[in-house]
Structures are given as C-alpha cells and as structure tokens.
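Read through the structure below, which is laid out as structure tokens, and then see the notes.
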Amino acid sequence: MKKKKIGVYICHCGGNISDYVDVEKVRAAIADEGIVLLSKTTMFACSDSNQRDMVEDIKANDLDGVVVASCSPKLHLQTFQNVSMRADLNKYTYVHANIREQASWAHSDDKMGATEKAIHLVRAAIAKSRYAEALESTKVKAIKKVAVIGAGIAGLKAALSLSEKDCDVILIERNSVVGGHVAEFTSLSTTTETGYQIITRLYSEVLKRGNISLLTNSEVIENKGSVGNFSLKIRKITNNDNQEIIDVNVGSVLMATGFDSYTPGEGEYGYKSLENVITLVDFKKMIDSQNGKLVYNGKQIRDIVYIYCVGSRQSDGGNTYCSRNCCTSTIHASIIARHKFSDINNYHFNRGIRTYGKQEILYAESLGSGDIYLQFNEDSIPEISVNGDKAIVKINDILSANREVEVEADLVVLVGGMVPRADNSVGSLFKLPKGRDRFYNEVHMKLRPVETAIDGITIAGACQGPKNITESVNSALAAATKSYSILSKGELETSPLIAVIEEDKCSWCGACQEACPFDAIHMEEKEGRTIAQINNTVCKGCGMCAPVCKPDAINLIAYSSSEIMSMIDALA
Amino acid sequence: MEKNIDKTSYDALVIGAGIAGGEAALNLANTGYKVLLVDKELSVGGKMIMLSKVFPTLDCSACITTPKVSEISRHSNITIFTGAQASNIRKIGEKEFTARINKQPRYVHIEDCTSCQLCEEACPVSVSDQYQYGLIGRKAAFIPFSICSPKAAAIDIENCTLCGACERACPTNCIDFTMEPEIIDIKVKTVVLATGFKLFDPLDIPRYGYGKFKNVITAMQMEREIAPTRPFNTILRPKDGKVPDKIAYVLCVGSRDASVGNPICSQICCMYSIKQAQLLMGALPMADVTIYYINIRSFGKGFEEFYQQAKGMGVNFVKGKIGRITEKENGNLILRYEDINSGKLQEEEHDMVILSTGVLPNEGISELFEGDTLGLDKFNFIGQSDALAGPSRTSIDGVFVAGTASGPMDIPDSILSAGSASSEAISYLIQHS
Ligand SMILES: Cc1cc2nc3c(=O)[nH]c(=O)nc-3n(C[C@H](O)[C@H](O)[C@H](O)COP(=O)(O)OP(=O)(O)OC[C@H]3O[C@@H](n4cnc5c(N)ncnc54)[C@H](O)[C@@H]3O)c2cc1C
Ligand code: SF4
Ligand code: SF4
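For the protein sequence lines, the chains are A and B, in the order given. Counting in the numbering used here, the first sequence runs from 9 upward without gaps. Counting in the numbering used here, the second sequence runs from 2 upward without gaps.
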C-alpha cells in the first residue's frame with residue numbers, strides 16, 4: 009500500500025480560536041508528522057474561498073485525506089466531508105478536530121495550555137486519519153406509504169397533504185369517528201365556520217382520496233422494523249365487538265394523537281363538589297347549544313366567573329407549563345356568551361392574560377365591552393364558597409394593591425389547559441422520547457420541531473405540546489413534508505458508521521441488546537449457534553453496545569479499537 | 002454560492018431568505034425541485050443570523066443558523082440571488098407564473114473575493130453599519146458581517162466616493178465598478194413568500210427618548226451587543242462606553258398600542274427580553290435587570306419555565322406602563338411609570354434602557370404582484386385565505402406564505418409555517434405537473 013498523504017488545515021475562526029490558541033505554533037508542531045504532506049492556517053476554514061483552496065490542494069497534491077482543526081464537528085463536519093467529496097475523495101477519509109469548543113473556548117484563561125491541548129487534539133486526528141478508509145453507505149428500499157396515527161385536525165390535514173403528494177396513507181383512529189376535539193367545537197375565533205364544519209369539509213375530502221385508507225376503531229398494537237419499512241399490526245374493533253388484526257408496512261409514521269383536556273381534581277375550586285362549578289369544555293358546549301337565555305340547572309345565568317390556569321403554570325405538580333391556548337378560548341367563549349345571551353357579566357380571574365399575536369384583538373374587544381379582569385398569583389388563589397344558589401368567589405386582586413374582591417357568581421368556569429393523552433402507549437411502541445411536560449419531544453426545539461430522535465417518525469399537532477388549530481395544522485403539514493421527503497426517492501441511504509458483530513467471538517449474552525437505545529440488536533440462530541445480529545438500518549452507531557460486550561465481539565466501524573488506541577496514544 | 006445554471010426557469014420562487022424562506026427552500030429542494038431563493042439583503046439568514054442566543058434553549062443563534070445557511074448555499078437544487086428583489090409576479094394560466102428579478106450589482110465578483118478585508122482597510126468612507134443596527138460604523142467597501150453568506154465584500158455605492166482605493170488594495174482584482182443592475186425574467190410554477198417582518202421604529206414614540214438619549218437602545222441592538230459576533234468585547238452603554246449596572250427593559254414598545262396603529266401583541270418580545278435579561282445577568286453578575294411589563298406572554302413550549310428561571314436568577318419583574326423617560330446629566334435615565342400593583346405613579350433611575358420593540362409587517366409585498374391581487378389581513382400582514390385549515394394559503398392559488406410574513410412568530414413557529422407552505426407548494430407542484 010502506498011504511503012498516505014494528508015493535508016491539515018488549522019482555523020483561526022476569526023479570533024474565536026486564534027485569540028487563545030497560537031495556531032501558527034500548532035501548525036509548526038504537526039507539520040512534520042509522518043503522513044502530513046501539507047499544513048496551512050486559515051482565517052475561516054468554512055469560508056467559500058478556503059473550501060475552494062482545499063479542493064485545489066487535494067487535487068494538485070493527490071491527497072488521500074484531510075484534517076480540519078476548527079469548531080465543533082456538529083457545525084462543520086458535513087461541510088468538510090462535502091469538500092472532500094467535491095475533490096473526489098470518499099467523505100469518510102475526512103477527520104475533524106475540534107480546537108474551538110475543546111481548546112480555545114474551554115481554556116481562554118490559559119493560552120499556553122490551550123495551544124498545547126490543540127496540538128494534541130490535532131495529532132490525535134492525524135492518527136485517526138492514518139486509519140480512515142473509504143466507506144460506502146448502503147441503500148435500502150423505502151416504502152412510499154405513511155401511517156398517520158390519530159385523525160384529529162392535524163392527522164386529517166397530514167393525510168390529505170401526503171395524499172396530494174401521491175403518497176399512500178393509512179389513517180388510524182382509535183375512536184369511531186374522526187375529528188378529535190375540533191369536531192366538538194361549534195364557534196371558533198377567526199372564522200365563521202364551525203369546528204364541525206371544518207372537520208366535515210376535511211373528512212369528505214379524505215373519503216374522495218383513493219390513496220387514503222381510513223381505519224376507525226383501530227389502534228396500533230405492535231411495531232417492528234425501522235425507517236423505510238415499519239411493520240405495524242393494527243387491531244380494529246369491528247361492528248359486533250369482534251376484532252380484526254391488520255398488518256401493514258409503511259416507510260414512515262406520523263404521530264398526531266393530540267391531547268386530553270385537563271380535568272380538575274375533585275374539590276379543586278369546588279369541581280364536582282359545588283353545583284355551579286363547571287369546566288370550560290362544558291361551558292362551550294352549553295353556550296353553543298342554548299339560545300335566548302343562558303340556563304344552568306334550571307336557573308338563569310348572569311354573573312360568570314372564569315378562573316384561569318387551572319392545572320397549568322403550577323410550580324408544584326406536573327404541569328409547570330402554560331397551555332397557550334386557554335386564555336384565548338376563554339375570552340372568545342365569554343364574548344359569545346355576552347353577545348348571545350342577555351344580561352351577562354363576565355369576571356375573568358386570571359394570572360396575566362396571554363392572548364399573544366393577533367388574538368390580542370379579542371382581549372381588547374372584551375375589555376372594551378366592560379368585562380372585568382382581576383388577577384391573582386399562584387400563592388394566593390381564589391377561594392370559592394356557597395351562598396344559597398350562588399357561588400362566592402374571593403380574590404386578592406394584584407391589579408389593585410391586593411384589594412380583596414368578592415363576586416357572587418351564578419356559574420364558575422374552570423379554565424383547564426391541555427395535558428398529554430393519559431394513554432400514550434402508542435408512543436412507547438415507537439420508543440418516542442417525551443419531555444419534562446410529558447408531551448412527545450422533538451429532536452431540536454428550535455430548528456427541527458416535527459422530527460424525533462427516532463428516524464422516520466414525525467410528530468404533529470398537540471401531541472408535541474399545546475397548540476391552537478392554525479398551529480396544529482402548520483405542524484401537521486410540516487411533519488407531512490418531512491415524512492414525505494424521507495420516502496420520496498423510494499430509497500434511503502444508511503450511514504456505514506455502525507456497529508458490527510464479530511460472529512465467532514459472540515456467544516449471545518444479551519448485554520448489547522439491553523444497552524442499545526434503538527432496539528437495533530436481536531438474537532439470531534446461525535449455523536447452530538446463538539449470536540447477536542445488528543439491524544443496519546436501525547443502528548445509529550452510538551456505540552453503547554461496544555463497551556458492555558465482555559468478549560469484545562463488537563466493533564464500531566471507523567472507531568475500531570486500534571483507531572481509538574492510536575488516538576489516545578497521540579493525546580498522551 | 003451563486004451558481005451558473007439555467008437562470009430563467011425554476012419550479013419554485015422563494016422570496017426572502019430568513020429562517021422561514023431558507024427552510025421552505027430546503028424542503029422543496031430536498032424533494033427534488035429547483036428553487037430560486039432571492040433576498041434583498043447582501044446575505045442570507047434574515048434576522049435570525051444576527052441574534053445572540055435563542056429562547057428558551059439558549060443555543061447560540063449564529064451557531065445553529067450557519068449550518069442551515071451552508072446547507073442552503075451548497076444545495077444543488079437551490080440558486081440564491083442576494084441583493085435581489087422580485088417583482089411583476091403574474092399568474093399565467095393554471096400552471097405558471099412569470100416574474101422579474103432585479104439584481105443589484107455588488108461591484109464585487111463573489112467567486113474571486115477571499116474576504117481578506119484589505120478593501121475595508123483601504124476605504125476612506127465611514128458610515129453607520131446597518132448590520133450592527135448602528136452601534137458601530139463600517140466602510141463603504143465592506144464585508145456585511147463576519148458570518149454572512151455569501152462571504153464576500155460589497156460596495157455601498159450610495160456612500161462610495163469612487164476614489165478607487167479598494168480596487169487598488171484588492172489582491173484578487175475582484176472589485177468591478179462596471180457591474181450593472183441585472184434584470185432576469187423568470188418562469189416558475191409556484192411562489193413562496195417569506196418576506197419576514199420589520200421592527201417598530203421607536204422614534205415614533207418620542208416620549209421614550211430613543212434617538213435623543215444615547216443610552217436608550219433597542220432590543221435588536223442589545224442582541225448585537227451580546228452576540229458571539231458582537232461589535233464590542235463587552236456590554237457597553239453607547240453614551241460613554243460605561244458598563245451598565247442597572248438595566249431596564251420596556252416591553253410592548255409599539256405593540257398592543259392602538260395609538261401607534263398596532264393593536265396586536267408581537268408575541269416574541271416578552272421572551273426575547275427575558276432571554277436577554279438572563280444573558281445580561283450571566284455576563285454582568287453585579288448588574289440589576291428590571292423588566293417593565295403589562296403581561297408576560299411566556300406561552301410556548303418551555304417558556305413559562307424559562308420565565309420562572311429568570312425570576313429565580315433575580316431579574317425584577319415590574320408590572321407597569323412606562324409613561325416617559327428623561328435623561329440626567331450623567332446619561333442615566335429616569336423612568337416614570339404607573340405601578341399597576343399599587344396604582345401609584347413611580348420613578349426609577351436606570352443607567353441603560355432597552356426598548357423591546359414589536360413586530361410590524363413589511364410593506365409593499367402585494368405590489369410585487371400583477372393581475373391577481375394578493376390579499377392582506379387588517380394589520381397588513383399577508384392574508385391567510387384559510388387561516389385554520391390551510392394557514393399558508395393566500396388569495397392567489399399557487400402562492401403560499403411562510404414565517405412572520407403572515408404575522409408575528411418565533412423561530413420554531415416560523416419553521417412550522419415554512420414546513421406548511423412548502424408542503425402546500427409541493428402538493429401544488431405535483432397536482433399541476
Ligand atoms: C430582538 C429579537 C430577538 C429575538 N430572539 C428570538 C429568540 O431568542 N428565539 C426565537 O425563537 N425567536 C427570536 N426572535 C424572532 C425571530 O427573529 C423570528 O421569529 C424569525 O427571524 C422570523 O424569520 P422569518 O424568516 O420569518 O423573517 P426574517 O428573519 O425577517 O427574514 C425575512 C427575509 O426576507 C427578506 N425580504 C423581505 N422583503 C423582501 C423582498 N421584497 N424581496 C426579497 N427579500 C425580501 C429580508 O431581507 C429577510 O432576509 C427575535 C426577534 C427579535 C427582533
Ligand atoms: S393560556 Fe392563559 S389560561 Fe392557559 S395556562 Fe396560559 S396563562 Fe393560563
Ligand atoms: S410579547 Fe410581550 S412585550 Fe411583546 S407585545 Fe406581547 S405582551 Fe408586549
């Protein structure tokens with residue numbers, strides 16, 4: 009084998025690196041390492057001009073690989089892999105050294121030390137580069153079909169949008185009808201359509217689409233496989249309570265299982281114990297179904313107290329978050345009540361109104377029409393007692409120097425927020441991670457809000473966190489785009505950086521299977537022996553399995569023991 | 002990179018290369034469509050690339066934007082024109098739009114510029130730097146900002162005296178004063194509007210003293226002061242370069258205020274102010290930070306917890322409306338406000354004041370269209386024709402809206418909205434092919 013020749017580039021990163029690390033000294037220190045043919049410093053390694061120079065250097069000197077010492081590989085590993093590819097090198101011949109986060113930023117109080125550490129990090133990268141080989145990614149077939157779980161507004165929209173992209177959809181709904189919560193809403197803000205009408209409009213569209221198969225009364229009960237090919241078992245309850253098991257294979261799964269409305273605990277603000285205390289959900293149904301006079305339990309309702317943030321924004325207990333949508337829905341409902349019925353007085357006992365964005369107009373309208381807003385803190389919540397057929401609600405109003413205010417109410421409406429589905433077992437089937445708030449978690453909160461840590465599974469609507477209809481639909485369409493773009497080419501590339509089993513060393517103890525967070529390892533019988541088998545499309549190359557393997561039968565491609573040992577030697 | 006491919010027909014035209022336009026372009030390009038992405042600025046990245054860290058994760062904004070930006074810039078299906086505007090967009094039949102792109106000359110050949118900054122050094126003209134929101138100056142020959150893309154110099158021809166110093170200093174001869182504006186007529190099948198927002202101009206509320214009192218700055222200026230690519234190495238108040246130690250935030254400046262014509266809530270300013278307050282407490286451990294607010298709108302995922310965290314760190318929250326700001330001789334500022342909790346008028350002295358200005362629609366977007374009318378909502382954001390069930394649809398079939406062009410929103414909501422717009426655009430392309 010001919011001797012390897014590599015190029016090494018050491019980045020100033022403006023001054024981010026060179027203010028603390030003497031980059032020239034680093035370059036001089038490594039310039040004579042065995043395989044280094046060429047070494048350079050550069051102001052911004054990632055700049056277009058430097059990238060162009062790199063391509064020229066690689067071609068002119070017939071280099072076998074390059075090392076760039078710069079910022080975190082999270083930012084620019086791909087950038088320089090792409091540079092290598094543009095110079096006709098295999099991208100896995102590229103090795104990255106992070107001397108910004110790990111040297112200059114970490115040791116900004118010790119320039120000598122930072123420089124010394126940078127030299128070692130670059131040496132280690134060069135040591136790795138010695139072993140780095142060309143690797144090819146494998147291609148697997150991707151089934152152009154998506155399972156959408158949940159047929160609320162998000163699921164319906166996601167299904168329609170995929171269907172328009174000529175992608176087959178299987179839409180799975182646990183209930184006997186579609187539409188989720190929205191189907192129950194009569195009046196909505198920002199439109200004259202009712203929730204039921206919107207759902208009907210979408211549902212009749214779904215029925216027209218030949219490529220959507222809708223399964224109601226159905227639940228996913230088993231999942232095997234991975235991105236490109238998930239094998240699902242679905243249990244459908246048929247007419248006479250019989251059940252039917254349906255097997256389907258899909259390339260991607262889009263979760264749109266929605267939320268539960270918060271149900272107050274018994275006695276929470278008199279819920280269930282006092283007659284005139286109801287939830288916002290019940291109140292909305294009440295105002296939608298009545299006309300003329302608003303009547304509850306046979307009595308006319310005039311004075312209504314709304315207590316906000318019930319079950320939300322609590323420092324103790326599970327729900328620390330704000331449910332985002334309830335301020336607006338309450339104000340909207342109270343405006344309808346005022347318009348629709350005679351003699352209504354609305355009292356809003358709130359913790360700071362959050363009608364963000366254009367919803368502010370509703371708040372302004374409500375204030376303008378004479379609704380009363382009183383505010384409390386979490387540590388002094390309103391108290392409710394009964395007086396005849398009235399409820400007395402007492403509050404220390406922080407908007408007027410904690411003055412005690414009492415309202416005699418005919419009806420108390422508890423504004424509960426959104427909570428994760430009580431039964432979220434379908435998420436566990438797919439190992440979907442949840443956040444502290446117990447909603448499903450996206451993989452990156454800012455930039456990848458519908459993708460999850462599990463390849464091929466996207467999340468849409470309120471199962472990811474409280475959202476209004478517009479926001480749920482946006483996220484449904486965004487998730488549909490991501491699911492579609494995974495499958496649109498009909499095949500997937502999988503990374504070659506995965507774990508491999510040395511079959512003759514393995515005698516199946518199961519430790520690796522337990523360690524694997526992605527369920528990529530299974531037991532297999534092979535030539536009379538029981539050994540571990542790794543599913544290449546599921547394995548992410550995280551390396552969790554390798555250290556637990558007693559007989560050392562697991563290697564990570566591109567991170568073999570010999571590579572790692574040579575890097576450690578260079579660091580020492 | 003500005004690539005030299007067929008410059009006249011594309012599947013999609015995306016106008017605006019902020020985070021929303023960038024995301025929409027990527028979604029389209031990753032499904033195989035050819036995209037033309039135009040931005041009127043000299044760099045892609047919109048407002049996000051200029052931010053410090055982002056709420057509520059406190060990720061470094063530049064660090065999470067630049068990989069996106071380089072993905073966009075290098076995508077083989079995306080052509081980018083910076084310093085360019087689209088106009089005369091007209092729907093022809095059911096399947097096609099024509100449009101005219103006006104590309105302003107940069108007077109620098111991007112491919113040849115190594116951004117060595119020698120032209121900057123040579124240029125004798127100094128003007129205020131719009132990319133640092135006026136905190137410092139820049140030259141007429143300048144690199145827009147350190148992480149701009151494309152990373153290349155530009156000549157600000159309006160302020161240039163044509164002395165030729167930059168041309169002589171440039172080692173690669175990439176400066177070219179003979180460049181002319183280019184007009185490119187294009188055909189596309191769908192259009193995504195991602196033209197973003199503009200910030201309220203606090204000069205419109207004279208009683209806050211912005212522009213008159215130097216230590217009253219905007220939150221966007223503070224973003225620059227605390228960004229990793231910041232102009233100074235520390236946080237300074239502009240009047241005397243002193244490090245501030247009693248800082249005030251005034252919320253809802255130009256929002257929720259019918260008297261300045263903007264009755265809606267901007268939905269990001271509470272959170273970005275809380276974020277900045279946390280960053281300031283970290284950078285200046287001795288400083289006091291007070292936020293004067295009407296309501297705190299920490300409604301999104303992780304926001305309420307972020308607000309509580311700020312309180313825990315010692316940020317003061319005062320529910321109060323600021324009436325007037327006056328300046329003392331030493332540059333300190335007196336805030337007169339109505340303390341809502343006590344109902345009393347109060348005064349408080351601070352040595353620096355940050356105005357959390359609100360989100361306004363960009364003007365002139367509907368004028369980009371000919372023939373069909375692009376509808377606006379009553380606040381002049383781009384109108385959503387099916388706000389609930391199809392939020393990115395507009396009054397013109399085949400034209401979709403992404404990000405803050407349809408109303409205030411933060412970064413994740415802009416990404417969702419861009420996902421929504423690109424989903425509709427992809428469906429439209431498939432259905433009309
Ligand atoms: C001070 C401040 C702090 C913030 N902090 C955070 C934060 O911490 N976290 C968070 O989530 N959000 C934050 N935000 C909000 C965030 O900036 C926005 O959500 C986001 O930038 C919106 O992206 P956009 O692409 O819609 O708009 P923009 O970023 O405005 O991008 C629009 C682009 O379109 C271009 N354009 C406009 N008109 C035309 C035209 N006619 N032709 C061509 N191009 C055009 C513009 O030049 C611009 O590049 C903050 C905002 C501010 C002001
Ligand atoms: S939206 Fe309003 S009512 Fe709902 S939790 Fe948030 S602050 Fe409370
Ligand atoms: S987000 Fe906060 S500061 Fe901004 S307008 Fe709304 S309430 Fe005011």
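Every residue gets a Cβ at the ideal spot worked out from N, C-alpha and C, and that includes glycine. All values reported here derive from a predicted model rather than from experimental measurement.
Within the same chain, Cβ atoms closer than 7 Å to the Cβ of A:P81 are found at H104, N106, the five residues on either side in sequence being excluded. Remark: the shortest separation between the CB of A:V423 and any heavy atom of ligand 2 falls under 6 Å.
Taking 7 Å as the cut-off, the beta carbon of A:I180 is found no closer than this to the beta carbon of A:S116. Among the residues of chain B, those whose CB is under 7 Å from the CB of A:A372 are P264, following chain order. Residues of the stretch 272 to 293 of chain A whose Cβ lies closer than 8 Å to any Cβ of chain B: none. Under the three-state reduction of DSSP output, A:Y355 falls in the strand class. Taken in chain order, the complete alpha helix (DSSP H) segments of 4 or more residues contained in the stretch 246 to 325 of chain B are 270 to 284, 304 to 314. Neighbours of B:R75 in chain A, taken as residues whose beta carbon is under 7 Å from its own, are N90 in chain order. For a cut-off of 8 Å, the C-beta gap from B:D186 to B:T9 is around 7 Å, short enough to register as a contact. Listed in chain order, the beta strand (DSSP E) runs fully inside the stretch 181 to 243 of chain B are 183 to 189, 191 to 194, 198 to 200, 217 to 219, counting runs of at least 3 residues. Neighbours of B:G344 in chain A, taken as residues whose beta carbon is under 9 Å from its own, are L407, S408, A409 in chain order. For B:C64, the C-beta contacts it makes with chain A under 7 Å involve L83, in order along the chain.
In the structure shown, A:Q521 adopts helical secondary structure according to DSSP, grouped into three states. The alpha-carbon separation between B:G301 and B:T196 amounts to approximately 23 Å. For A:H128, the uninterrupted alpha helix (DSSP H) run begins and ends at 119 to 139, by DSSP.
Relative to the Cα of B:T230, the nearest Cα in the group A:V427, A:G23, A:C547 belongs to A:G23.
One finds R362, Y364 in chain A with Cβ atoms closer than 7 Å to the Cβ of B:R298, taken in chain order.
Chain A places a beta carbon closer than 7 Å to that of B:E305, counting this residue as a contact. Per DSSP, the continuous alpha helix (DSSP H) segment holding A:S337 begins and ends at 334 to 348.
With respect to the C-alpha of B:G255, the residue from B:K247, B:I269, B:G242 having the closest C-alpha is B:I269.
For A:D324, not one C-beta of chain B is nearer than 7 Å to its own C-beta.
Inside the stretch 30 to 55 of chain B, DSSP marks whole beta strand (DSSP E) runs of 3 or more residues at positions 36 to 40, from first to last along the chain. A Cβ of chain B is located within less than 7 Å of the beta carbon of A:I477.
The beta carbon of A:C317 sits closer than 6 Å to at least one heavy atom of ligand 2. The three-state reading of DSSP puts A:R60 in helix, counting H, G and I together. Three or more beta-carbon pairs drawn from the stretch 488 to 497 of chain A and the stretch 248 to 264 of chain A are found closer than 8 Å, and the two stretches are therefore classed as touching. Bridge partners of A:T49 according to DSSP: A:I18.
For chain B, the residues of the stretch 442 to 468 of chain A that bring a beta carbon within less than 7 Å of one of its beta carbons are M453, K454, L455, P457, V458, in chain order.
Taking C-alpha positions only, B:E183 is separated from B:N89 by approximately 15 Å.
Under the three-pair Cβ rule at 8 Å, the stretch 451 to 466 of chain A does not count as touching the stretch 415 to 427 of chain A.
A:P390 counts as buried, since at least 16 other C-beta atoms from the protein chains shown sit within 10 angstroms of its C-beta. DSSP places A:F88 in the helix class (H, G or I) of the three-state scheme.
The beta-bridge partner set that DSSP reports for B:H351 consists of B:L334. If the five residues before and after B:C61 are omitted, its C-beta is found closer than 7 Å to the C-beta atoms of K54, P229, all from its own chain and listed in chain order. Looking at the DSSP output, A:H104 shares a beta bridge with A:V76. Of all residues in the stretch 485 to 512 of chain A, those with a C-beta nearer than 8 Å to a C-beta of chain B are L485, A486, A487, A488, T489, K490, Y492, S493, S496, K497, reading in chain order.
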